[in-house]
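Peer 1: A single structure is presented below for examination.
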């Protein structure tokens with residue numbers, strides 16, 4: 001029952017958008033859709049998504065392969081640094097770039113910045129898949145006469161394809177829903193056009209119709225990906241995975257390391273150096289510590305609320321999904337995942353409409369923003385609850401039942417204690433994501449409150465780069481700490497089990 | 001009294017009839033093994049008794065309590081039937097002591113004498129504060145048994161308890177488990193696909209195949225006097241010889257053999273069929289003697305403690321070309337290829353051809 005309520009909450013915004021668009025009437029919808037500008041907008045969005053996803057997959061798979069399967073010098077350093085760009089919000093990176101190289105505004109800048117921010121979504125799952133993959137398959141291929149290069153193409157790449165496809169989907173969805181970076185880099189796609197349509201007029205049906213079109217695009221991409229993934233077969237047979245012998249690259253090793261170094265320098269070093277430069281420039285003009293402190297406090301408090309709400313909501317859905325497969329469960333789970341395909345700007349807009357109309361007392365107050373976080377990030381929390389519950393064995397739960405524990409006892413004494421590390425890791429990820437969230441926070445934050453993200457946004461908007469830098473730096477620091485903790489935790493997990 | 005009685009049990013999973021009319025009785029305080037190939041339904045039987053599978057028909061009783069019967073299904077936690085799954089399934093987040101105390105009433109969980117008592121029973125006193133990950137496979141299995149025994153269950157179910165252990169460890173853990181069950185006078189049901197395990201650990205053995213119980217008897221009877229060729233082949237190696245029976249004597253390629261109490265319903269006289277011997281009933285005899293049947297050693301398998309020697313013998317009064325191979329269990333080495341004589345000791349089993 002709690003699972004049903006939770007998934008209903010996830011459906012709320014999209015339902016409201018539909019009503020809103022229908023109110024405007026069919027003629028108006030067709031009118032908005034048929035505009036030349038709308039068609040152009042679809043083209044620009046898809047072009048950006050295609051380029052960012054392609055480059056991210058190439059970089060992510062390449063770095064993961066270098067870090068796990070080759071003898072390039074410094075591969076441990078590569079493995080440690082490669083996931084870290086995740087901690088840099090795309091709009092912070094965009095700020096770092098445009099404030100130094102204003103010429104990159106437009107498509108080039110958007111592709112560069114989003115690729116450098118997004119490739120870890122491909123790198124991480126592919127890295128894990130390569131670690132897990134049985135090197136026996138590659139050895140068999142070699143023993144049957146394939147060259148190393150053929151083996152890489154026909155066996156290794158095949159094994160990581162599901163992971164790369166899943167990562168690529170995340171990149172595509174992230175790019176489509178990104179709002180901050182494209183706005184700062186002045187490349188018009190759905191999200192920022194929806195935002196300005198909402199801001200510039202009181203006729204909000206244009207924004208609603210464009211939002212629905214954006215949702216349709218994200219759904220189409222998700223469905224396409226799951227079609228592709230269905231064809232891949234799972235691993236056959238058990239056996240403990242050994243680590244593979246590294247591929248010897250010979251003299252190629254140094255250029256490879258160099259390429260990885262360039263990627264990491266652009267993705268990590270450049271933004272940080274740029275932020276530090278503007279920070280020191282801004283310092284001479286005086287640092288508004290009071291406002292910075294208030295922003296840090298607001299960011300921490302609102303993100304914490306979001307993380308707690310998401311985790312509490314995710315536990316029933318995640319357990320249901322892991323333990324009771326069935327048509328009903330699948331529907332509940334998929335409805336919850338619908339939020340995953342919803343860009344932050346769309347959810348924010350829907351909740352603005354809803355808040356003004358139904359619960360005016362909550363509009364621009366914390367509860368509505370927390371609700372937006374729940375809709376947006378519940379899938380992340382559900383995913384980690386589900387996978388950590390699925391890891392604890394059903395046999396253990398049966399033993400507990402046979403020793404006299406009721407189903408409730410089993411949940412309290414066996415399932416939840418075992419899943420606790422995974423659930424708390426999920427909560428940390430949600431916390432991290434809430435801190436970085438921009439569009440929903442921008443539209444729904446409590447009146448008079450500024451988070452780090454919205455402060456940075458406001459200052460960048462007026463070209464006050466020196467004043468913006470402290471907020472960006474604070475965000476990166478706040479985000480890096482839980483990221484490192486998470487990486488430690490997952491490394492520890494691998495060590496003990 | 002904690003006798004387990006299963007009457008006419010039917011279980012269907014999906015469209016598949018997994019158990020069909022199973023009757024089984026495990027007397028109070030004894031250990032019964034259910035032996036069968038994988039896919040025969042033995043795990044389903046275990047799960048039905050534990051309460052995780054709902055039978056379509058039939059009754060399961062423990063002592064005087066009906067735990068599963070017509071329209072009545074007691075929840076697993078209310079049956080007092082403890083489970084020892086494959087590989088133990090210890091709770092990784094609890095210490096050994098906390099694992100063992102899991103099934104005790106809340107008030108008794110902290111430091112009770114019972115935990116030490118059952119750990120003592122499985123030979124692991126003093127292990128209370130270890131983590132499951134620090135234990136060897138055999139120790140984990142014994143902790144799992146101690147955990148099951150702690151709340152004094154009416155019945156303990158063991159699912160392939162030794163199959164995850166390596167061969168050297170298996171025998172010692174088996175003996176320890178056997179002793180712990182005996183000393184605690186617990187009624188136990190063990191399911192396994194391993195003949196040695198079933199024959200050595202249980203007071204009685206039930207052979208399950210394709211959802212039906214084919215035979216249920218003492219380990220000796222199951223091995224020496226199987227009720228059918230299927231049972232005979234599953235419980236151990238067989239030497240099968242075509243035979244014709246007259247007046248309790250079977251005429252075979254290895255000479256005339258006395259047939260032990262013919263199978264009920266089968267024609268004891270004048271019938272054609274198959275005689276079954278165990279390889280250890282056959283012996284290699286000196287070539288010079290007159291006893292036994294002439295044959296030729298053609299190969300064998302060496303196991304260390306004994307060996308199986310393949311011997312080809314002539315069939316039908318020495319007509320050339322017609323021959324069959326029999327297996328002879330011997331101590332020591334496999335003899336060189338060449339002529340030998342083969343003798344038979346002990347009674348033979350006769351199965352008429354259907």
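Residue numbers (the numbering used here), protein chains in the order written: chain A, 1 to 497; chain B, 1 to 354.
Where a beta carbon is used, it is the ideal one built from N, C-alpha and C, also for glycine.
#1: For a contact defined as C-beta to C-beta under 7 Å, what are the partners of residue 103(B) on chain A?
#2: Flag residue 248(A) as yes if its beta-carbon sits less than 8 Å from any beta-carbon of chain B, otherwise no.
#3: List, in order along the chain, the chain B residues whose C-beta lies closer than 7 Å to that of residue 395(A)?
#4: Alpha carbon to alpha carbon, what distance is there between residue 228(B) and residue 271(B)?
#5: Whole angstroms are fine: how far does the CA of residue 134(B) sit from the CA of residue 236(A)?
#6: Could you list the residues in the segment 412 to 445 of chain A with a C-beta less than 9 Å from some C-beta on chain B, going in chain order?
#7: Output the distance between the C-alpha atoms of residue 368(A) and residue 355(A), rounded to the nearest integer angstrom.
#8: I'd like to know whether the C-beta atoms of residue 34(B) and residue 199(B) end up nearer to each other than 8 Å.
#9: Using a Cβ cut-off of 9 Å, pull out every chain A residue sitting near residue 77(B), in sequence order please.
#10: Quick check on the DSSP output: what are the complete beta strand (DSSP E) runs of length 3 or more inside the segment 241 to 290 of chain B, in order along the chain?
#11: Whose CA, out of 64(A), 70(A), 115(A) and 140(A), lies closest to the CA of residue 126(A)?
#12: Please state whether the Cβ-Cβ distance between residue 254(B) and residue 293(B) is less than 8 Å.
#13: If we define contact as Cβ-Cβ less than 8 Å, is residue 55(B) a contact residue for chain A?
#14: Quick one: which residues of the segment 132 to 154 of chain B get their C-beta closer than 9 Å to a C-beta of chain A? List them in chain order.
#15: Measuring only the C-alpha atoms, how far is residue 460(A) from residue 181(A)?
#16: Compile a chain-ordered list of the residues in the segment 33 to 53 of chain B whose CB is closer than 9 Å to at least one CB of chain A.
#17: Of the choices 54(B), 5(B) and 29(B), whose alpha-carbon is the least far from that of residue 17(B)?
#18: Any beta-carbon of chain A closer than 8 Å to the one on residue 161(B)?
#19: How would you list, in chain order, the residues of chain A whose beta-carbon sits under 7 Å from the beta-carbon of residue 81(B)?
#20: Hey, out of 470(A), 480(A), 484(A) and 463(A), whose CA is closest to residue 100(A)'s CA?
#21: Return the residues of the segment 172 to 204 of chain B that lie within a Cβ-Cβ distance of less than 8 Å from chain A, sorted by chain order.
#22: Using the beta-carbon count (16 or more within 10 Å), is residue 349(B) buried or exposed?
#23: Take residue 285(B) and list the residues in its own chain whose beta-carbon comes closer than 6 Å to its own, dropping the five residues that flank it on each side.
#24: Suppose you measure from the CA of residue 194(B) to the CA of residue 98(B); what does that come to, to the nearest Å?
#25: To the nearest angstrom, report how far apart residue 164(B) and residue 137(B) are at their CA atoms.
#26: Pick from 203(B), 140(B), 109(B) and 236(B): whose alpha carbon is nearest that of residue 124(B)?
#27: So residue 338(B) and residue 297(B) are supposed to be a Cβ contact under 8 Å. How far apart are they, rounded?
#28: How many angstroms separate the CA atom of residue 177(B) from the CA atom of residue 121(B)?
#29: So with CB distances below 7 Å, who are the chain A contacts of residue 93(B)?
#30: Taking the alpha-carbon positions, what's the residue 109(A) to residue 273(A) distance?
#31: What is the DSSP secondary structure of residue 126(B), reduced to helix, strand or coil?
#32: Does DSSP classify residue 356(B) as helix, strand or coil?
#33: Tell me the DSSP secondary structure of residue 307(B) in three-state form.
#34: Flag residue 204(B) as yes when its Cβ comes closer than 7 Å to any non-hydrogen atom of the ligand PLP, and as no otherwise.
#35: Between 401(A), 415(A), 207(A) and 320(A), which lies nearest to residue 84(B) when the distance is taken from Cα to Cα?
#36: Between the Cα of residue 358(B) and those of 239(B), 80(B) and 214(B), spot the shortest distance and give me the residue it belongs to.
Peer 2: According to the structure shown:
#1: Those within 7 Å of residue 103(B) in chain A are 403 and 404.
#2: no
#3: 85 and 89
#4: 16 Å
#5: Its pLDDT being 44, under 50, residue 236(A) is placed unreliably in this model, and the coordinates cannot settle the point.
#6: 413, 414, 417, 418 and 420
#7: CA-to-CA, the gap between residue 368(A) and residue 355(A) works out to about 7 Å.
#8: no
#9: 400, 401, 402, 403, 404, 405, 406, 407, 409 and 410
#10: 249 to 252, 255 to 258, 271 to 277 and 282 to 285
#11: 64(A)
#12: yes
#13: no
#14: 133, 144, 147, 148, 150, 151 and 153
#15: Using only the alpha carbons, I get a separation of about 11 Å.
#16: 47, 50, 51 and 52
#17: Checking every option, the nearest Cα to that of residue 17(B) belongs to 54(B).
#18: no
#19: 402
#20: 463(A)
#21: none
#22: buried
#23: Setting aside the 5 residues that flank it on each side, residue 285(B) is surrounded in the same chain by 291, 292, 341 and 343, each with a C-beta closer than 6 Å to its C-beta; the list follows chain order.
#24: 32 Å
#25: 8 Å
#26: 140(B)
#27: 6 Å
#28: 9 Å
#29: Per Cβ cutoff of 7 Å: 417 and 418.
#30: If I take the Cα positions, the gap works out to 18 Å.
#31: coil
#32: This structure gives no information on residue 356(B), because the portion of chain B shown stretches from 1 to 354.
#33: When secondary structure is reduced to three states using DSSP, residue 307(B) falls in the strand class.
#34: For the ligand PLP, the structure offers nothing, since it holds no ligand at all.
#35: 401(A)
#36: Beyond the ends of chain B as shown, which are 1 and 354, falls residue 358(B); an answer cannot be given.
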